[in-house]
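Only one structure is covered here, and it is reproduced in the block below.
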Amino acid sequence: MKKIVVPTDFSDSAQTATTFAVNLAFHLKVDVELVHILNPATDLNTGYMIDPGIEKVRRDQLEDATRAVKEKLSGELADEIVIMSSFHLGFPIEEIVNISKGQDALIVVGATGESGVMDRVFGSIPVHLARRAYSPVLIVPNNVKFDGFSEIAYASAEPALDRKVAAMLFRFVDVFDARLHAVHIGKEDNYPIWHIDEAVPGVAAPPTVLKKNIDRVDVISALNQYCSEEQIDLLIMSTRHRKFWDSIIHTSMTREMALEPHLPLLVFHEHDSGV
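Under the working numbering, residues 197 to 471 are what the sequence shown spells out, in order.
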């Protein structure tokens with residue numbers, strides 16, 4: 197991973213994600229790019245209709261936001277991290293998905309707290325990005341402050357993806373000296389033994405891995421309970437098929453909060469380039 201991309205609409209949620217991303221970037225030794233996408237009014241006859249005044253305001257806001265981030269950096273942060281920005285016209289989700297293609301990057305997005313089950317926790321745009329982006333997507337809930345990660349859970353419904361996501365997992369585990377919780381979703385006999393040394397060749401000191409199997413219909417509730425009991429501070433999910441992810445997003449269990457609202461969620465798909 198060469199950089200962290202942070203979509204921003206200049207909201208408090210976006211500010212939370214930006215601050216989180218900058219601190220994460222310092223530990224991962226990568227740069228940060230703030231991205232703003234202006235969603236233009238659309239006329240069926242003429243296409244995009246951009247108010248020059250609005251575009252200038254938004255460009256100025258992006259410039260100010262970027263400058264503010266740079267000014268807050270001090271000491272090692274200022275020396276180690278490059279802060280850049282880019283402005284785009286289009287529909288936010290489509291543009292961010294396009295940006296993610298071919299990028300060796302991590303997208304960090306703030307939760308918006310809109311309606312819906314998953315949306316009520318993470319917001320509609322973050323959820324759609326998590327499903328469609330070509331880069332891993334880290335969703336940062338509102339009011340969460342970066343404090344590193346000591347307990348990282350990896351939840352997978354696809355055993356074949358374990359090896360593909362292993363390098364990313366171990367990078368986070370190694371950088372933060374965290375314990376890794378391997379949470380397999382489905383019948384226990386569907387999962388082969390996970391050999392750490394085979395997943396990541398050359399690892400001299402494999403991390404501590406705690407294994408857990410969840411074979412329940414109410415996957416959301418089970419994950420929520422496990423993360424709470426084990427004091428997980430980062431949940432990573434991977435899936436090859438949309439079916440599993442969709443089943444979580446479209447669940448009707450309205451009385452359940454999809455995942456702990458204070459818990460950052462990193463989503464990794466098979467087509468991701470990795471972290």
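The beta carbon of each residue, even a glycine, is placed where N, CA and C say it ideally should be.
Residue environment, residue i, which counts as buried when at least 16 other CB atoms sit within 10 Å
i, result
"Leu365", "buried"
"Pro248", "exposed"
"Ala213", "buried"
"Ile250", "exposed"
"Gln356", "First, the residue type needs correcting, since residue 356 is Ala and not Gln in the sequence shown. Label assigned to Ala356: exposed."
"Val313", "In this prediction, Val313 scores a pLDDT of 44, lower than 50, which makes its location untrustworthy; no coordinate-derived value is stated."
"Met280", "exposed"
"Val253", "exposed"
"Gly306", "buried"
"Ala274", "exposed"
"Glu425", "exposed"
"Val413", "exposed"
Beta-carbon gap between residue i and residue j smaller than 9 Å
i, j, result
"Pro203", "Leu325", "yes"
"Lys407", "Ala363", "no"
"Ser296", "Ala329", "yes"
"Val304", "Phe222", "no"
"Lys198", "Asp300", "yes"
"Ser352", "His380", "yes"
"Pro332", "Leu459", "no"
"Leu334", "Leu419", "no"
"Asp429", "Asp343", "yes"
Coarse secondary structure for residue i, derived from DSSP in three states
i, result
"Arg255", "helix"
"Ile200", "strand"
"Leu334", "strand"
"Ile277", "coil"
"Ser424", "helix"
"His223", "helix"
"Phe464", "strand"
Neighbourhood of residue i by C-beta, 6 Å cutoff - its chain only, sequence neighbours within 5 removed
i, result
"Asn376", "Rather than Asn, the amino acid found at residue 376 in this sequence is Leu. The answer, listed in chain order, is Ile348, Val369, Pro403, Val405."
"Arg255", "Phe283"
"Ile432", "Tyr350, Leu462"
"Ser434", "Ser352, Leu357, Val361, Phe464"
Residues sharing a beta bridge with residue i, DSSP
i, result
"Met364", "Answer by DSSP bridge pairing: none, since Met364 is not bridged."
"Ala307", "Per DSSP, none; premise fails for Ala307."
"His284", "Ile233"
"Arg375", "Glu347"
"Ser352", "His380, Ser434"
Neighbourhood of residue i by C-beta, 7 Å cutoff - its chain only, sequence neighbours within 5 removed
i, result
"Ala261", "Thr204, Phe206, Leu230"
"Val371", "His223, Leu224"
Sequence-distant residues of its chain with Cβ nearer than 8 Å to residue i (five each side left out)
i, result
"Asn235", "Gly286, Phe287, Pro288"
"Leu269", "Val218, Ile277, Ile279"
Interface flag, residue i vs chain B, CB-CB below 9 Å
i, result
"Leu224", "No chain B is part of this structure, which consists of one protein chain only."
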